[in-house]
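Peer 1: These protein sequence lines map, in sequence, to chains L and C. For this note's numbering, add 4 to where a residue sits in the first sequence, where the first one is 1. For this note's numbering, add 4 to where a residue sits in the second sequence, where the first one is 1. All C-beta atoms, glycine included, are put in the ideal place defined by N, C-alpha and C. Quantities reported herein were computed from a predicted structural model and do not represent experimental measurements.
2 protein chains.
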Amino acid sequence: MPDTKVPDKKAPVSSLVKALRVLDSFSLEQPEQGVTEIAERLGIHKSTVYNILTTCEAMGYVQQDPHTRRYRLGLHILRLGQVVREGMDLRRVVVPVMERVRDYYREAVHFAVELNGQVVYLETVQPLERSVASLAVGKSAYMHCTGVGKAILAHMSPERMHAVISEQGMAQYTQNTITDLAELEIELEKIRRQGYAVDNMEYEWGIRCIAVPIRNEIGVVHASMSISGPSERLPLEAIAEMAQPLMHFGADISKRFGWLR
Amino acid sequence: MPDTKVPDKKAPVSSLVKALRVLDSFSLEQPEQGVTEIAERLGIHKSTVYNILTTCEAMGYVQQDPHTRRYRLGLHILRLGQVVREGMDLRRVVVPVMERVRDYYREAVHFAVELNGQVVYLETVQPLERSVASLAVGKSAYMHCTGVGKAILAHMSPERMHAVISEQGMAQYTQNTITDLAELEIELEKIRRQGYAVDNMEYEWGIRCIAVPIRNEIGVVHASMSISGPSERLPLEAIAEMAQPLMHFGADISKRFGWLR
DNA sequence: TCATATGTTCAATATCAATGAACAATATCG
DNA sequence: CGATATTGTTCATTGATATTGAACATATGA
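1. Shortest alpha-carbon distance to I42 (chain L) belongs to which of L:I195, L:R76, L:M63, L:R212?
2. Give the secondary structure of Y65 (chain C) by DSSP, where H, G and I count as helix, E and B as strand, and everything else as coil.
3. Using a beta-carbon distance below 8 Å, is V113 (chain L) in contact with chain C?
4. Taking only three categories from DSSP, how would you classify M251 (chain C)?
5. Grab me the residues of V26 (chain L)'s own chain with a C-beta within less than 8 Å of its C-beta, minus the 5 sequence neighbours each way, in chain order.
6. What's the C-alpha gap between E163 (chain C) and V39 (chain L)?
7. Jot down the residue ranges of each uninterrupted alpha helix (DSSP H) in the segment 175–235 of chain C, minimum 4 residues, whole runs only, in chain order.
8. Based on DSSP bridge pairs, tell me the residues matched to S29 (chain C).
9. Based on DSSP bridge pairs, tell me the residues matched to Y125 (chain L).
10. Who pairs with E36 (chain L) in a beta bridge, going by DSSP?
11. Looking only at its chain, what residues have a beta carbon closer than 6 Å to the beta carbon of T181 (chain C), apart from the 5 residues adjacent to it on each side?
12. So, G15 (chain L) versus A23 (chain C), is the Cβ gap smaller than 8 Å?
13. Under the rule that 16 or more other beta-carbon atoms within 10 Å means buried, what is T128 (chain C), buried or exposed?
14. Suppose you measure from the CA of L20 (chain L) to the CA of L82 (chain L); what does that come to, to the nearest Å?
15. Relative to the C-alpha of V113 (chain C), which candidate in C:K259, C:V224, C:E189, C:I211 has its C-alpha closest?
16. When DSSP labels each residue in this structure, what does A167 (chain L) get in the three-state scheme?
17. With 7 Å as the limit, tell me which residues of the segment 24–37 of chain L have their beta carbon closer than that to any beta carbon of chain C; keep them in chain order.
18. Please tell me whether N180 (chain L) has its Cβ less than 8 Å away from any Cβ of chain C.
19. Helix, strand or coil for A145 (chain C) per DSSP?
20. Please list the partners that Y65 (chain C) has in chain L, where partner means a Cβ-to-Cβ separation under 7 Å.
21. Do three or more CB pairs link the segment 247–259 of chain L to the segment 87–106 of chain L at distances below 8 Å?
22. Are the CB atoms of Y109 (chain L) and A116 (chain L) within a distance shorter than 8 Å?
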């Protein structure tokens, strides 16, 4: 919910900032919103929000429910999302390796990057058997409670890491979720030392993940790959050993990332 | 490419219209663009486009390649796309039926709607075996050469159908692609008569599809479901018979669409 | 049925988005 | 390798227009 942020860089067109903030205010928790609802949350005047929504509707970016008169995001955005995915060339580079990982572990494989203090899953490769831990591409999640998130957090500057946590908070999802900052810092230090992150049922009960950082051409970590599956198939005692091949696969992707910025 | 359209409805915030047109100008064919390139295509001044892009970048909607200084759509849009998909509740309603279709035919199943004269694939269900006709959710395609497209076209008003074709053209993809309007009209009449549409390798050589229209609560067709697979598994002689169960599955979805607007 | 809330319209004004010219940095060509 | 064209970027000015508040219409709920 605290996803509506004022831009830090210079943004010359302030009316556009408002409009994009309106679009941003739609989320999985709030997929359908009314005019006044948005206006109050963002502190923008009602008529302004109305004008923005009307314009966005004419362009296919939102659509209004004729019955409730409330608004939701429009189909047009799906097309843009597709352009993002195809354009990144991620699939060509990352997916082949992910499939090797899937074949090796026979578990679901995820690839995620950081975006505005959260992780966004860009690619998913499911095991051939029907999987328990299905996950949609494009989904975003908090960083403190996911394997991919912690793997990326661990390689941020301490300032940036603190900024992310203080901005996003540390919501508790399960009894294993780390909700204490000091504890998280110890965990991140451990991740840096061993080279992989473990999500020990911290986000979804019964699901464990192992995640490794992915580096770009100047060595900066801003992506992560993970395998995830039911806790019986990823017992805690086995994880240290299971993580080793995954780290090699991760290094392989990093190697292919000359082009990635 | 002719996707950049001026809105027909009233759009009070003209600066926002420009900005959204800039975002729209990114496509699968043009995923990366320069400032002047966009400015010239849209007839907007260079500095204006620059300001729009800078603002969008600050908000995460586009990102600039530090080397080429050109722009591409940003990751933020993926998150919005996810909100669209989840919010539609399509998955809950449509996917279960699609899975039944997949299990029945053992072929890839697609669900698409019309958007601005093209079809957008909203859901895909792959057969358990590795599929030949893989297709990404969010992808858009022309209507005259796809099964789902023709199924929807066939149930539009003649005026709207002609508007779509004259706007989008009839690009030739294979030697089977229908590129003549009169021929297309005969084909659409046939589709209305028999209740299903056939894509006989008109989009991709070697791939056939059978598509059925999906109706909403007032009987308007604005979606379609198809099965697609290699031509050997969908021989022309068998299609009429294969289409019958698919029409029932389609009717089933239409029935569940009391809620869809 | 009345009262409250929510979406919508509209005219007026101050804001700020658009503009064009100039600069810097890169790419292209001779 | 140097000259030229091209592209991204800056900035001050100004005329268009986004914003605003108040009023209306419609829907919701007691």
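Peer 2: Concretely, from the data shown:
1. Within the first sequence, the letter at position 38 stands for residue 42 (chain L). Checking every option, the nearest Cα to that of I42 (chain L) belongs to L:R76.
2. Translated into positions along the second sequence, residue 65 (chain C) becomes position 61. Looking at Y65 (chain C) - three-state DSSP - the assignment turns out to be coil, as it is neither helix nor strand.
3. For the purposes of this step, residue 113 (chain L) is taken as residue 109 along the first sequence, with counting starting at 1. No, because no Cβ of chain C sits closer than 8 Å to the Cβ of V113 (chain L).
4. Stepping through the second sequence from its first residue, residue 251 (chain C) is reached at position 247. Reduced to three states, the DSSP call for M251 (chain C) is helix.
5. As a first step, residue 26 (chain L) must be located in the first sequence, where it is residue number 22. So the qualifying residues of the chain are I42, L46, I48, V53, I56, L57, C60.
6. On the second sequence, residue 163 (chain C) is found 159 positions in, with the first residue counted as 1. On the first sequence, residue 39 (chain L) is found 35 positions in, with the first residue counted as 1. Taking the straight line joining both Cα atoms gives about 34 Å.
7. 185–198
8. As a working note, residue 29 (chain C) is residue 25 in the second sequence. None, per the DSSP bridge assignment.
9. For the purposes of this step, residue 125 (chain L) is taken as the residue at position 121 of the first sequence. DSSP output for Y125 (chain L) lists L:A116 as bridge partner(s).
10. Along the first sequence, read from residue 1 onward, the residue named residue 36 (chain L) stands at position 32. E36 (chain L) is bridged to L:R76.
11. Residue mapping note: residue 181 (chain C) aligns to position 177 of the second sequence, counting from 1. Cβ within range, chain order: C149, E206.
12. The count along the first sequence starts at 1 and reaches residue 15 (chain L) at position 11. The count along the second sequence starts at 1 and reaches residue 23 (chain C) at position 19. Before going further, note that residue 15 (chain L) is Ala rather than Gly in the sequence given. Their beta carbons are not under 8 Å apart, which means A15 (chain L) does not touch A23 (chain C) by this criterion.
13. Position 124 of the second sequence, counting from 1, holds the residue named residue 128 (chain C). So T128 (chain C) ends up on the buried side.
14. As a position in the first sequence, residue 20 (chain L) is number 16, starting the count at 1. As a position in the first sequence, residue 82 (chain L) is number 78, starting the count at 1. If you take the alpha carbons of L20 (chain L) and L82 (chain L), they lie about 20 Å apart.
15. In the second sequence, residue 113 (chain C) corresponds to position 109, counting from 1. V113 (chain C) has its Cα closest to that of C:I211, out of C:K259, C:V224, C:E189, C:I211.
16. Taking the first residue of the first sequence as position 1, residue 167 (chain L) is located at position 163. If DSSP states are grouped into helix, strand and coil, A167 (chain L) belongs with the helices.
17. L24, L27, F30, S31, L32, P35, E36
18. Locating residue 180 (chain L) in the first sequence gives position 176, where the first residue counts as 1. Chain C contact via Cβ: absent.
19. Within the second sequence, the letter at position 141 stands for residue 145 (chain C). Strand at A145 (chain C).
20. Taking the second sequence and counting its residues from 1, the one referred to as residue 65 (chain C) is at position 61. Going along chain L in sequence order, the residues near Y65 (chain C) (Cβ under 7 Å) are L24.
21. Output reads yes: the segment 87–106 of chain L touches the segment 247–259 of chain L.
22. Taking the first sequence and counting its residues from 1, the one referred to as residue 116 (chain L) is at position 112. Taking the first sequence and counting its residues from 1, the one referred to as residue 109 (chain L) is at position 105. Not in contact: A116 (chain L) and Y109 (chain L) (Cβ atoms no closer than 8 Å).
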